[in-house]
Amino acid sequence: MAKEQPTAAQWQEIEERVMTLFSSVHLDCDGYLVRLMLQRVGKLRLGITVYVDGKFDLKWLGWVGDELSEEGRRFYQERTRSVYRGKRKKLARRALGKKAAEETVSHRHPYWESPQSLRRHLVANNEVIRLLSDEEAKRRREALLADEVAS
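So for the sequence shown, my numbering puts the first residue at 475; every next one is plus one.
Given below as structure tokens:
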């Protein structure tokens, strides 16, 4: 199956729209309905939040449970940090050894800080990406709601 991606002009439009407050962009990524929206994520911070099929689930981030989900891999940013930092890292190196002091832990992050890094991640992890019109996105959301109510 060949990759299908938005054109350069469409990516430019997506990046401009996603960086505007109270505006959202809907994409079809390999059959998933993805909504990108600029929202407040901290006291004085904004981030691009990702909703998949109309919802956000902590299980996708790997914070709850041990199993990583497909949604988490496809749409959320993986961040890695050292278990020990600063002075504690020096103490851990003396007490536990170099290998244990360099140990890292990773998790998925719930928002993106840059539309360019989000774009690179989406392109690398999805074969088909289509920009959806507002009407088409509304129809897809209604169909998802109807399926959810039926089951």
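Glycine included, C-beta positions come from ideal geometry on N, C-alpha and C.
- Counting along the chain, no beta strand (DSSP E) covers Val623; the unbroken alpha helix (DSSP H) around it starts and ends at Asp608 to Ala624.
- When DSSP reads this structure, Gly505 sits in no beta bridge, so it has no partner.
- For Tyr585, the beta-bridge partners assigned by DSSP are Thr523.
- Annotation for Gln479: no beta strand (DSSP E) segment contains it, and DSSP assigns it neither H nor E.
- In the DSSP assignment, Arg567 falls within the unbroken alpha helix (DSSP H) covering Lys561 to Leu570.
- DSSP places Glu552 in no alpha helix (DSSP H) but in the uninterrupted beta strand (DSSP E) bounded by Gln551 to Ser556.
- For the pair Glu478 and His583, the Cα-to-Cα distance works out to about 26 Å.
- According to DSSP, residue pairing for Ile603 in a beta bridge involves Cys503.
- Cβ-Cβ distances below 8 Å link Glu552 to Ser580, His581, Arg582 and His583 in the same chain, with the five nearest sequence neighbours on each side left out; the list follows chain order.
- Rounded to whole angstroms, Glu609 and Thr554 show a C-alpha spacing of 38 Å.
- Contact between the segment 560 to 568 and the segment 594 to 606 is absent, with fewer than three C-beta pairs closer than 8 Å.
- According to DSSP, residue pairing for Lys529 in a beta bridge involves Val526.
- Apart from sequence neighbours up to five positions away, the residues of its chain that approach Val499 with a beta-carbon distance below 8 Å are Ile488, Arg491, Val492, Arg509, Leu510, Met511 and Leu605, ordered along the chain.
- Remark: C-beta atoms of Arg593 and Leu507 do not approach each other more closely than 8 Å.
- In this structure Glu545 is buried. Its beta-carbon is surrounded by 16 or more other beta-carbon atoms within 10 angstroms.
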